[in-house]
Structures are given as structure tokens and as C-alpha cells.
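Colleague: Below is one structure. I have some questions about it.
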Amino acid sequence: MPVHLCVVETAPLRPVTSSITGKLCDLTPAGARVEVNAVIINGLHLFYDVNNHPYRRLELTLEMPDNSGKISFQGRISWYDRKENDSQFNHTFGVELFDITPEERERLYNFLF
Numbered sequence: 303m304p305v306h307l308c309v310v311e312t313a314p315l316r317p318v319t320s321s322i323t324g325k326l327c328d329l330t331p332a333g334a335r336v337e338v339n340a341v342i343i344n345g346l347h348l349f350y351d352v353n354n355h356p357y358r359r360l361e362l363t364l365e366m367p368d369n370s371g372k373i374s375f376q377g378r379i380s381w382y383d384r385k386e387n388d389s390q391f392n393h394t395f396g397v398e399l400f401d402i403t404p405e406e407r408e409r410l411y412n413f414l415f
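Quick look at the structure:
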């Protein structure tokens, strides 16, 4: 499933990078695996520069395949790795979901189950 992601600062909430497109895999109510072509956006490394800053998060936005609109949530990367195969995307990482509204979490849960 396609996903758009960018780095945001939470105090105050504002984007600090442009958005890139990746592939959302293995989605659960608590987290997901994401595949992307780059781990550096506008000079910020998704793992080091986001996780080592107290007010930075990754914001992910996905269009629900059931045409019920978009869901956006913030997360923190728990691991990442470079893929060595001939995949469309050459990096993969796990993200733990944060700051998802109860309504969006319910929509996500209903979609998954």
C-alpha cells in the first residue's frame, strides 16, 4: 500500500522536510514495516536525526484502499536496514505508531480486521 511520509516537529506541529513516497507493509494497529528509496530527506536521516531529537517524529499518511479517505499518524523508527535484492525500494524500516486519533485508530483496526 503506498504511503507518504515526512519528518515533523511536534512543538509546534509543523513539517520540517518534504514528503516522499514509500510502500507500507505488515501493518498492525501498533506499527508497520515501510519500504523507501532513501533514508535521508532534505538532509535529515530518518533514523538518527529523527529518533535523537525529542520533538521530531515521522508522519505517515496513507489513502485507505476502501476509499474511506486518508489516515495520518506519527511514529518513531524502531529499526532500519538496507535491502540487498532487486526490489523497487532499497531501504526498509519498522515504525512504532504514535499520536493516532481514536477515530483513525478505529478506522485502521476495522480495515485490518
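If you use this note's numbering, the sequence shown corresponds to residues 303 to 415, in order. We treat Cβ as the ideally placed atom computed from N, Cα and C, and that holds for glycine.
#1: Taking the alpha helix (DSSP H) that E361 belongs to, which residues open and close that run?
#2: Give the DSSP-derived three-state secondary structure of F413 in the structure shown.
#3: For H306, which option in S389, F395, E361 has the closest C-alpha, if you only look at C-alpha atoms?
#4: State the beta-bridge partners of K385 as determined by DSSP.
#5: Nearest-angstrom Cα distance between D351 and F413?
#6: Can you tell me the Cα-Cα spacing of S321 and L364, whole angstroms?
#7: In whole angstroms, give me the CA-to-CA distance for I373 and P404.
Modeller: On the basis of the data shown:
#1: Looking up residue 361 in the sequence shown gives position 59. Not the alpha helix (DSSP H): E361 falls in the beta strand (DSSP E), residues 358 to 365.
#2: Counted from its first residue, the sequence shown places residue 413 at position 111. It is helical.
#3: Looking up residue 306 in the sequence shown gives position 4. Of the listed residues, the one whose Cα sits closest to H306 is E361.
#4: Position 83 of the sequence shown, counting from 1, holds the residue named residue 385. K385 pairs with nothing; no bridge assigned.
#5: As a first step, residue 351 is located in the sequence shown; it is residue number 49 there, counting from the start. As a first step, residue 413 is located in the sequence shown; it is residue number 111 there, counting from the start. One C-alpha to the other measures close to 32 Å.
#6: On the sequence shown, position 19 is the one that residue 321 refers to. On the sequence shown, position 62 is the one that residue 364 refers to. Roughly 12 Å separates the two Cα atoms.
#7: The residue given as residue 373 occupies position 71 in the sequence shown. The residue given as residue 404 occupies position 102 in the sequence shown. A straight-line Cα-Cα distance of about 11 Å links I373 and P404.
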